[in-house]
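Each protein sequence line maps, in turn, to chains A and B.
At the far end of the first sequence sits residue 127, using the working numbering, and the numbering has no gaps.
At the far end of the second sequence sits residue 127, using the working numbering, and the numbering has no gaps.
Where a beta carbon is used, it is the ideal one built from N, C-alpha and C, also for glycine.
Note that the structure is predicted; figures quoted are calculated from it, not measured.
What follows is a single structure, written as structure tokens, with notes after it.
2 protein chains.
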Amino acid sequence: MNHRYSIGQMARAGHCQVQTIRYYEQVGLLKKAQRNAGNQRVYDQAQMDRLKFIRHSRELGFSLEQIREILALSDNPDHSCLQVDQIARSHLKDVESKIERLQGMRKELKRMINQCSGDQIADCRIIEVLSNHQLCLAREHQ
Amino acid sequence: MNHRYSIGQMARAGHCQVQTIRYYEQVGLLKKAQRNAGNQRVYDQAQMDRLKFIRHSRELGFSLEQIREILALSDNPDHSCLQVDQIARSHLKDVESKIERLQGMRKELKRMINQCSGDQIADCRIIEVLSNHQLCLAREHQ
DNA sequence: TTACAGGCTACAGTCACTGTAGCTTCAAAA
DNA sequence: TTTTGAAGCTACAGTGACTGTAGCCTGTAA
């Protein structure tokens, strides 16, 4: 079948806003869409699939640059997927270090909040900890 | 003692760049610094402490807006620290939901990578999963 | 005196969108 | 057939928290 989609249908399918699709076109992640008589964008199934690929990759946290690379690599079906693998692994590392960083924050925030008496600012443990790095457990500067 | 600091000394102590301090001044988080005869910024201990407060809060992930609020509240030592507590708790919630989101990504990325044979693009599991949301375990749209 | 590190302003760029203003087009109802 | 309202269009500014650049000026140690 020979589906045609409006930009609104694309947006709904890609769980994104209409502007986002226009933005992807502008930065060259989606190629310039064909237009109908009234200058409105019209998409086919291939463009729809490409958008879904991009959106799914974004949900997994890949940057637009990484997605651009993966899309370029995936144009060569005979090519080894080693590079794709490397991009994914390096992104996984990024995600893991973000998790660690956030877990450090969580620990310290919880500690701070639990010590807070809800009393006067003058005795507020939260402000005290924020004021004084020495009071903070997780204070390595990486 | 009556310490005076240059912007470079402030930056080193706050583990940030010189531009960052000028930026904080520009957006009103630090008040306009005094200047020496040659128009260079000169800081005192109070400004140094304020910068450290800001930087430590940033390390814990607070936004500049939240920091601005906390600083305003902490000017009133008699005031209850309930609001400070609320800001901290709401930030903790944010951090926790970011952790959850990243853990979902990590899980899916690991699954994808483990299934990848390192073979041809045509059979690449990573590209396949990215192409097809149905193949993804963590696919709730929150 | 001479290097050169450090500081100054002003402004553009980053990332990935999101929002706005002021239009035009499309499709269904009256 | 007209009208209404949703959907689409372009162009541009704004977001957050910086970071980088260009082209100057100032301070300090050799």
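Inset, instruction - Determine the direct distance from the alpha carbon of B/GLY46 to that of B/ASP79, and round the result to whole angstroms. - result: 10 angstroms
Inset, instruction - For B/VAL(-7), decide whether its Cβ has a neighbour in chain A, counting only Cβ atoms nearer than 7 angstroms. - result: In the sequence as presented, Val is not what sits at residue -7 of chain B; that position holds Gly. It does not; no Cβ of chain A falls within 7 angstroms.
Legend entry - Local Cβ density within 10 Å of A/VAL12, reported as buried at 16 or more and exposed below that: exposed
Legend entry - A/GLN2 (DSSP reduced to helix, strand or coil): coil
Inset, instruction - State whether the segment 32 to 49 of chain B contacts the segment -8 to -1 of chain B, with contact taken as three or more CB pairs (one from each stretch) at a distance under 8 angstroms. - result: yes
Legend entry - Exposure of B/HIS126, with buried meaning 16 or more beta-carbon neighbours within 10 Å: At B/HIS126, the pLDDT of 38 sits below 50, so the modelled position is not reliable and the matter cannot be decided from this model.
Legend entry - Contact set between B/GLN88 and chain A, taken where Cβ atoms lie within less than 8 angstroms: ILE84
Legend entry - Where B/VAL27 falls: helix, strand or coil (DSSP): strand
Inset, instruction - Following the continuous alpha helix (DSSP H) through A/HIS76, name the residue where it begins and the one where it ends. - result: 67 to 100
Legend entry - C-beta neighbour in chain A for B/CYS101, strict 7 angstroms: yes
Inset, instruction - Note down, in chain order, each residue of its chain lying with its Cβ closer than 6 angstroms to the Cβ of A/THR5, except the 5 sequence neighbours on either side. - result: none
Legend entry - DSSP-derived helix/strand/coil call for B/ARG110: helix
Inset, instruction - Following the continuous alpha helix (DSSP H) through A/ALA57, name the residue where it begins and the one where it ends. - result: 49 to 58
Inset, instruction - Grab me the residues of B/LEU58's own chain with a C-beta within less than 7 angstroms of its C-beta, minus the 5 sequence neighbours each way, in chain order. - result: HIS64, GLN68, VAL69
Inset, instruction - Sort B/GLY23, B/ARG53, B/LEU115 by Cα distance to B/LEU15 and report the nearest one. - result: B/ARG53
Inset, instruction - Tell me whether A/ARG91 is buried or exposed, calling it buried when 16 or more other Cβ atoms sit within 10 Å of its Cβ. - result: buried
Legend entry - Under 7 angstroms between C-beta atoms of B/HIS76 and B/GLN30: no
Inset, instruction - Label A/GLY89 either buried or exposed according to how many other C-beta atoms from any shown protein chain fall within 10 Å of its C-beta, with 16 as the threshold for buried. - result: buried
Inset, instruction - Determine, using beta carbons only, whether B/ARG91 comes closer than 7 angstroms to chain A. - result: yes
Inset, instruction - Would you please state the rounded distance, in angstroms, between the beta carbons of B/ARG195 and B/VAL27? I believe it to be under 8 angstroms. - result: Here chain B comprises residues numbered -14 to 127, so residue 195 of chain B is not present and cannot be evaluated.
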